[in-house]
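Working notes for the structure below.
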Amino acid sequence: MDHEGLADALASQLNGVRRVLRRRLRAGLTVPALTGSQVELLRLVESAPGTGVSAAAAQLHLAGNSVSTQVNHLTEAGLLRREQDPADRRSVRLFLTDAAAERLNAWREARISLLAAALDALDEDERLALAAAVPALSRLASVLAEQGERA
Numbered sequence: 000m001d002h003e004g005l006a007d008a009l010a011s012q013l014n015g016v017r018r019v020l021r022r023r024l025r026a027g028l029t030v031p032a033l034t035g036s037q038v039e040l041l042r043l044v045e046s047a048p049g050t051g052v053s054a055a056a057a058q059l060h061l062a063g064n065s066v067s068t069q070v071n072h073l074t075e076a077g078l079l080r081r082e083q084d085p086a087d088r089r090s091v092r093l094f095l096t097d098a099a100a101e102r103l104n105a106w107r108e109a110r111i112s113l114l115a116a117a118l119d120a121l122d123e124d125e126r127l128a129l130a131a132a133v134p135a136l137s138r139l140a141s142v143l144a145e146q147g148e149r150a
């Protein structure tokens with residue numbers, strides 16, 4: 000398979016797994032679903048507490064006003080907390096609320112449970128192939144991110 004064929008097959012299969020996983024996770028929700036961008040923002044703030052709106056926008060490759068809108072929605076939903084930046088009173092720093100941390104943990108546990116159950120249905124060779132692909136997929140994500148930063 001040439002690079003273009005592999006790229007097409009990877010994109011198709013990764014999107015398919017992500018779509019089915021998202022649909023199954025949303026089906027079990029007892030709270031309103033968040034958009035993919037909102038989850039990405041929450042995960043970013045989780046990994047970098049105190050991040051600013053501009054830094055989050057740059058990291059997520061989104062327009063600042065889009066991130067500001069998401070911050071407003073997530074703050075109103077009780078999932079983000081804004082604190083004035085002591086170094087620059089015009090800026091805010093973002094932090095997860097306890098509700099957001101609990102929600103992300105529950106989402107993570109549900110995702111792992113769904114994937115583990117699906118992996119149980121595969122044979123050993125298929126599981127080994129997927130395990131062997133994880134480092135290459137991680138490196139692929141890094142290369143894509145680096146190329147995006149240069150663009």
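Read in order, the letters of the sequence shown are residues 0 to 150 in numbering that gives the first Met the number 0. Yeah, the Cβ is synthetic: ideal placement off N, Cα and C, and Gly gets one too. Note that the structure is a prediction, hence the values are computed from the model and not measured.
### Straight-line gap, A115 to P85 (C-alpha atoms, nearest Å)
For the purposes of this step, residue 115 is identified with residue 116 of the sequence shown, where counting begins at 1. For the purposes of this step, residue 85 is identified with residue 86 of the sequence shown, where counting begins at 1. CA-CA distance, A115 to P85, rounds to 44 Å.
### Task
State the start and end residues of the unbroken beta strand (DSSP E) segment that holds V19.
The count along the sequence shown starts at 1 and reaches residue 19 at position 20. Run containing V19: none in the beta strand (DSSP E); it sits in the alpha helix (DSSP H), 2-26.
#### Entry: Buried versus exposed call for A99 [16 or more other C-beta atoms within 10 Å across all chains shown]
Numbered from its first residue, the sequence shown carries residue 99 at position 100. Buried is the call here.
#### Entry: Contacting residues, own chain, Cβ-Cβ under 6 Å from R42 (five flanking each side not counted)
To locate residue 42, count along the sequence shown from 1; it is residue 43. Within the same chain, R42 has no close Cβ partners at all.
### Task
Give the secondary structure of P49 by DSSP, where H, G and I count as helix, E and B as strand, and everything else as coil.
For the purposes of this step, residue 49 is taken as the residue at position 50 of the sequence shown. Contrary to the premise, residue 49 reads as Gly rather than Pro in this sequence. G49 falls in the coil class under three-state DSSP.
### Identity of the residues DSSP links to L93 by a beta bridge
For the purposes of this step, residue 93 is identified with residue 94 of the sequence shown, where counting begins at 1. DSSP lists T50, R81 as partners of L93.
### Query
Taking R18 as the reference, which of T34, L5, E3, T29 has the closest Cα?
For the purposes of this step, residue 18 is identified with residue 19 of the sequence shown, where counting begins at 1. Between R18 and the set T34, L5, E3, T29, the nearest pair of CA atoms involves T34.
### Message
Nearest by alpha-carbon distance to A144: which of Q58, V133, A135, L127 is it?
### Response
Against the sequence shown, residue 144 aligns to sequence position 145. Looking at the Cα atoms, Q58 is the closest of the given residues.
### Query
Under 7 Å, do L78 and T96 count as touching if we go by C-beta distance?
Numbered from its first residue, the sequence shown carries residue 78 at position 79. Numbered from its first residue, the sequence shown carries residue 96 at position 97. Judged by their CB atoms, L78 and T96 are nearer to each other than the 7 Å cut-off.
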